[in-house]
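Protein chains in written order, with this note's numbering: chain A, 12 to 217; chain B, 12 to 217. Shown next, in structure tokens, is the structure this report addresses.
Number of protein chains: 2
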Amino acid sequence: MEFSSKLIEKAVDEMAQFPGVGKRTALRLILHLLKQPKEHTTSLVTALQKMREEIKFCASCYNISDTDVCEICVNASRDKTLICVVEDIRDVMAIENTGQYRGMYHVLGGKISPIEGIGPDDLTIESLIDKVQTGAVKELVFALSSTIEGDTTNFYIFRRIENCKIKITTIARGIAVGDELEYADEITLGRSILHRIPFESSLKST
Amino acid sequence: MEFSSKLIEKAVDEMAQFPGVGKRTALRLILHLLKQPKEHTTSLVTALQKMREEIKFCASCYNISDTDVCEICVNASRDKTLICVVEDIRDVMAIENTGQYRGMYHVLGGKISPIEGIGPDDLTIESLIDKVQTGAVKELVFALSSTIEGDTTNFYIFRRIENCKIKITTIARGIAVGDELEYADEITLGRSILHRIPFESSLKST
Numbered sequence: 012m013e014f015s016s017k018l019i020e021k022a023v024d025e026m027a028q029f030p031g032v033g034k035r036t037a038l039r040l041i042l043h044l045l046k047q048p049k050e051h052t053t054s055l056v057t058a059l060q061k062m063r064e065e066i067k068f069c070a071s072c073y074n075i076s077d078t079d080v081c082e083i084c085v086n087a088s089r090d091k092t093l094i095c096v097v098e099d100i101r102d103v104m105a106i107e108n109t110g111q112y113r114g115m116y117h118v119l120g121g122k123i124s125p126i127e128g129i130g131p132d133d134l135t136i137e138s139l140i141d142k143v144q145t146g147a148v149k150e151l152v153f154a155l156s157s158t159i160e161g162d163t164t165n166f167y168i169f170r171r172i173e174n175c176k177i178k179i180t181t182i183a184r185g186i187a188v189g190d191e192l193e194y195a196d197e198i199t200l201g202r203s204i205l206h207r208i209p210f211e212s213s214l215k216s217t
Numbered sequence: 012m013e014f015s016s017k018l019i020e021k022a023v024d025e026m027a028q029f030p031g032v033g034k035r036t037a038l039r040l041i042l043h044l045l046k047q048p049k050e051h052t053t054s055l056v057t058a059l060q061k062m063r064e065e066i067k068f069c070a071s072c073y074n075i076s077d078t079d080v081c082e083i084c085v086n087a088s089r090d091k092t093l094i095c096v097v098e099d100i101r102d103v104m105a106i107e108n109t110g111q112y113r114g115m116y117h118v119l120g121g122k123i124s125p126i127e128g129i130g131p132d133d134l135t136i137e138s139l140i141d142k143v144q145t146g147a148v149k150e151l152v153f154a155l156s157s158t159i160e161g162d163t164t165n166f167y168i169f170r171r172i173e174n175c176k177i178k179i180t181t182i183a184r185g186i187a188v189g190d191e192l193e194y195a196d197e198i199t200l201g202r203s204i205l206h207r208i209p210f211e212s213s214l215k216s217t
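Below, the structure is given as structure tokens:
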């Protein structure tokens, strides 16, 4: 792609560094900015810059936060003995939206992935293990996605803490509420049957 | 979508104003920024801001330019009597890349679209008509996309200048080079046959 303007070329190159954004998309986004008043760009740029400069990672759970310790960690009404292990803040948001969880979180910041060169030291695993070893935690809930990387990460953490006397659980896998059985994949349906629950429990869960 | 951080929320809202970017995508892009060093965001933000502040629209053809008059318009070796009418700078780039065109351009900045509330006055049509009326232009080539909006725009301009003694042409529609006839749509194939050209001309065109 050749640009007659160096300014456009530089802006396109920068935008195209986002994952999933190619040069054509980047150019489309930039032409959008050009069609809007200048204030629009200023507002976007200010929000991004301010966010990147001022955002903090919670010193306890590594969730993204405007303060040193996040709202969830300072909330006295939440169960400090229960920790849900997630990959990133989108998972925290998803679980919070269910309104079904009143424990704490621990955000790993990724999954162990030898292919992408991400090892245990690149994640916040040590800090999680420290928390568990203080003895204040009763249950750890794994809520990573069930991929090879997710399973590897779960297993790595499990091996590191298996001698600690805590309950280690993982979120239930199964057919989504409202889904037809015939369209479900075999592995999910298989797990659904294997880990069936008493009918009475299902009545309570909404 | 609920965010625990106001900074993230504001940044997501800003990013989600791009066409085709929803809140989920915006969040994904922003989390990407957070995983990169701060300098990365500064560099992106500076490029966007600088581009928006300093970019100019060529005073003659409305192409995007770093200077008051664009490189194409100041180029003495180009044919000033031939003007290609396009929608935006992406079209200029596409045609320039072919290396087959040595005339000038006129960038309309959009197409007439009553549905989107875009009328002739929102485009650079008056300026194009002024150019034609000076008598210096011999041929106008319409190169808008063949949609209802594109055809409407072509026809509007045609009616405004039909009394001027200039040649008005439109780019050829037909089967793309390398495409199989059997997969072509009927309208395109129909036009291909209707507007067939002497075989000898096809030998010259590459």
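Where a beta carbon is used, it is the ideal one built from N, C-alpha and C, also for glycine.
Residue-level contact to chain A via CB, residue i, 8 Å cutoff
i	result
residue 208 (chain B)	no
residue 94 (chain B)	no
residue 16 (chain B)	yes
Partners in chain B for residue i, counting only beta-carbon separations shorter than 9 Å
i	result
residue 30 (chain A)	39, 40, 43
residue 13 (chain A)	104, 107, 108
residue 19 (chain A)	62, 66, 75, 77, 100
residue 49 (chain A)	63, 64
Nearest-angstrom beta carbon gap, residue j and residue i [assumed within contact, 8 Å]
i	j	result
residue 18 (chain A)	residue 77 (chain B)	6 Å
residue 135 (chain B)	residue 120 (chain B)	6 Å
residue 93 (chain B)	residue 22 (chain A)	About 31 Å separates the two Cβ atoms, so there is no contact after all.
residue 74 (chain B)	residue 15 (chain A)	7 Å
residue 164 (chain B)	residue 123 (chain B)	5 Å
residue 116 (chain B)	residue 83 (chain B)	6 Å
residue 118 (chain B)	residue 90 (chain B)	That pair is no contact at about 17 Å.
residue 189 (chain A)	residue 203 (chain A)	Contact flag wrong, Cβ pair sits at about 14 Å.
residue 63 (chain B)	residue 44 (chain A)	6 Å
residue 104 (chain A)	residue 13 (chain B)	7 Å
residue 40 (chain A)	residue 29 (chain B)	5 Å
residue 38 (chain B)	residue 101 (chain A)	6 Å
residue 182 (chain A)	residue 143 (chain A)	Not confirmed; about 18 Å, so no contact.
Partner residues on chain A for residue i, Cβ-Cβ distance less than 9 Å
i	result
residue 97 (chain B)	Under the 9 Å cutoff, chain A gives no residues; its nearest Cβ is about 13 Å from residue 97 (chain B).
residue 164 (chain B)	None at all; the shortest Cβ gap to chain A is about 17 Å.
Chain C contact residues for residue i, given Cβ-Cβ distances below 7 Å
i	result
residue 22 (chain A)	No chain C is part of this structure, whose protein chains are labelled A and B.
Residue-level contact to chain B via CB, residue i, 8 Å cutoff
i	result
residue 160 (chain A)	no
Chain-ordered chain A contacts of residue i [CB-CB under 8 Å]
i	result
residue 191 (chain B)	Here the premise fails: no neighbours, minimum Cβ distance about 25 Å.
residue 25 (chain B)	54, 55, 58, 59
The ligand SAH heavy atom lying under 7 Å from the CB of residue i
i	result
residue 100 (chain B)	This structure simply doesn't include the ligand SAH, nor any ligand for that matter.
For the segment 102-135 of chain B, enumerate the residues whose C-beta is nearer than 9 Å to any C-beta of chain A, in chain order.
Answer set for the segment 102-135 of chain B: 103, 104, 107, 108, 120, 121.
Residues in the segment 67-86 of chain A having any Cβ partner in chain B nearer than 8 Å
74, 75, 76, 77, 81, 82, 83
Just checking, does the segment 146-157 of chain A make contact with the segment 80-99 of chain A on the three C-beta pairs under 8 Å criterion?
yes
Given 8 Å, three or more beta-carbon pairs between the segment 165-181 of chain A and the segment 139-151 of chain A
yes
Tell me which residues of the segment 54-66 of chain A have at least one Cβ-Cβ distance to chain B shorter than 8 Å, keeping chain order.
54, 55, 56, 58, 59, 60, 61, 62, 63, 64, 65, 66
The segment 23-36 of chain A contacting the segment 49-59 of chain B, beta-carbon criterion three pairs below 8 Å
Flag = yes, the segment 23-36 of chain A and the segment 49-59 of chain B touch.
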